[in-house]
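**Student:** Using the numbering used here, the first residue of the sequence shown is number 244, and each one after it goes up by one. Even glycine gets a Cβ: it sits at the ideal position worked out from N, Cα and C. Computed from a predicted structure; not experimentally measured. Please read through the structure below; I'll follow up with questions.
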Amino acid sequence: MSITLGASILAADWSRMGAELEELESAGIDYIHWDVMDNRYVPNLTFGWDMIAACRKHTTVPFEVHLMAHETERDLAKYVAAGCERVLVQPEAHVHVHNALRVIREEGAEAGIALNPGTPLSMVEDLLPDITTLLVMTVNPGFGGQAFIETMLPKIEAARALVAERAPHVTVEVDGGLKPGNVAAAVSAGARAVVCGSGLFGPEGKAAAIAAMKSGIASGIVTA
Ligand code: DX5
Ligand code: ZN
Numbered sequence: 244m245s246i247t248l249g250a251s252i253l254a255a256d257w258s259r260m261g262a263e264l265e266e267l268e269s270a271g272i273d274y275i276h277w278d279v280m281d282n283r284y285v286p287n288l289t290f291g292w293d294m295i296a297a298c299r300k301h302t303t304v305p306f307e308v309h310l311m312a313h314e315t316e317r318d319l320a321k322y323v324a325a326g327c328e329r330v331l332v333q334p335e336a337h338v339h340v341h342n343a344l345r346v347i348r349e350e351g352a353e354a355g356i357a358l359n360p361g362t363p364l365s366m367v368e369d370l371l372p373d374i375t376t377l378l379v380m381t382v383n384p385g386f387g388g389q390a391f392i393e394t395m396l397p398k399i400e401a402a403r404a405l406v407a408e409r410a411p412h413v414t415v416e417v418d419g420g421l422k423p424g425n426v427a428a429a430v431s432a433g434a435r436a437v438v439c440g441s442g443l444f445g446p447e448g449k450a451a452a453i454a455a456m457k458s459g460i461a462s463g464i465v466t467a
């Protein structure tokens, strides 16, 4: 079973983002997860499509953008043009989220839904044919470095069961507070893609951090 590991660059050194991406690729990361925050849907403010486009030439690994932003429809084409192969939106932030997913696909990218800890899984049931990724948030969106919310494990299991029954093409992804010590539980519960932010930028270096995460992921597969 192949489970992918993505890097949230919230914890990177933003003054040298291009080099950070090159190092992540050399260290074996599977994809980059760009956390866009609009200072409205969440209190934090990060970056937009121009930042992502400027970094695209530094790596060939896939880009996924996680839009923690209101009413993204008018901006979706810009994120795809910036080089994002996959675009995830938050359903609570859209009046017409089905329409946002349609725009993403028409622009040529894969579409996904990110569910906050307090957003029920039922929110995505009618959208399964329109997405390839179902992201179960394991922290409340807004900041990196938060603690993994353990009570999300049954939700990951339920997400896994839902897609197994109704949409086997959909990947269940987890994001928030994932570390070598807890990622096995998330994988065992059904995660098939894992986002890691602060866990990848510690003093041990990216290669060691990625190896530790992949080892944790592998041990979760054994018990899956
Ligand atoms: C939270 C973001 C996550 C998170 C990942 O708002 O969507 O991507 O920052 O970073 P860590 O692994 O530090 O929680
Ligand atoms: Zn994220």
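Could you spell out the range, first to last residue, of the beta strand (DSSP E) harbouring residue 205?
**Tutor:** Because residue 205 is not part of the residues shown, which for the chain are 244 to 467, the question remains open.
**Student:** What's the gap between the Cα of residue 346 and the Cα of residue 320?
**Tutor:** When rounded, the distance between both Cα atoms is 8 Å.
**Student:** Going along the chain, which residues put their C-beta within less than 5 Å of some heavy atom in the ligand ZN?
**Tutor:** Here the list is 278, 309, 418.
**Student:** Can you name the residues that DSSP bridges to residue 414?
**Tutor:** In the DSSP output, where bridge partners are listed per residue, residue 414 has 376.
**Student:** In the DSSP assignment, the alpha helix (DSSP H) including residue 250 goes from what residue to what residue?
**Tutor:** Taken as a continuous stretch (DSSP letters only), residue 250 belongs to no alpha helix (DSSP H), being part of the beta strand (DSSP E) at 247-251.
**Student:** Considering only C-alpha positions, which residue in the set 259, 281, 375 is nearest to residue 307?
**Tutor:** The residue with the shortest Cα to Cα distance from residue 307 is 375.
**Student:** Starting from residue 292, follow the alpha helix (DSSP H) in both directions and report where the run begins and ends.
**Tutor:** Per DSSP, residue 292 belongs to the alpha helix (DSSP H) from 292-299.
**Student:** State buried or exposed for residue 282, treating a residue as buried only when at least 16 other CB atoms are found within 10 Å of its CB.
**Tutor:** So residue 282 ends up on the exposed side.
**Student:** Assuming residue 251 and residue 440 are in contact, meaning their beta carbons sit under 8 Å apart, how far apart are those beta carbons, in whole angstroms?
**Tutor:** Sure, about 3 Å apart at Cβ, within 8 Å.
**Student:** Which residue wins for smallest C-alpha separation from residue 322, given the options 430, 446, 353?
**Tutor:** Of the candidates 430, 446, 353, the one whose C-alpha sits nearest the C-alpha of residue 322 is 353.
**Student:** Quick check for students: name the residue ranges of the alpha helix (DSSP H) that lie wholly in the segment 307-351, counting only runs of 4 or more.
**Tutor:** Taking only runs of at least 4 residues, the alpha helix (DSSP H) segments lying wholly in the segment 307-351 are 319-324, 340-349.
**Student:** Tell me whether the beta-carbon of residue 336 lies closer than 7 Å to the beta-carbon of residue 313.
**Tutor:** Yes, the Cβ-Cβ distance between residue 336 and residue 313 is below 7 Å.
**Student:** Within 8 Å, do at least three Cβ pairs link the segment 252-261 to the segment 427-445?
**Tutor:** They touch, by the three-pair rule.
**Student:** Is residue 272 helix, strand or coil when you go by DSSP?
**Tutor:** Residue state, collapsed to three classes: coil.
**Student:** Cβ-heavy atom distance between residue 364 and the ligand DX5 below 6 Å?
**Tutor:** No.
**Student:** Can you look up residue 395 in the DSSP assignment and give me helix, strand or coil?
**Tutor:** DSSP places residue 395 in helix when its eight states are reduced to three.
**Student:** Determine the extent of the alpha helix (DSSP H) in which residue 390 is found, giving its start and end residues.
**Tutor:** Per DSSP, residue 390 belongs to no alpha helix (DSSP H) and is neither H nor E.
**Student:** Return helix, strand or coil for residue 353, following the three-state DSSP convention.
**Tutor:** Strand at residue 353.
**Student:** Should residue 303 be labelled buried (16 or more other beta-carbon atoms within 10 Å of its own) or exposed?
**Tutor:** Label assigned to residue 303: exposed.
**Student:** Given that a residue counts as buried once 16 or more other Cβ atoms are within 10 Å of its Cβ, and exposed if not, what is residue 300?
**Tutor:** Exposed, because fewer than 16 other Cβ atoms sit within 10 Å of the Cβ of residue 300.
**Student:** Is residue 264 near the ligand GDP - that is, is its Cβ less than 6 Å away from at least one heavy atom of it?
**Tutor:** The ligand GDP is not part of the structure shown, which contains the ligand DX5 and the ligand ZN as its ligands.
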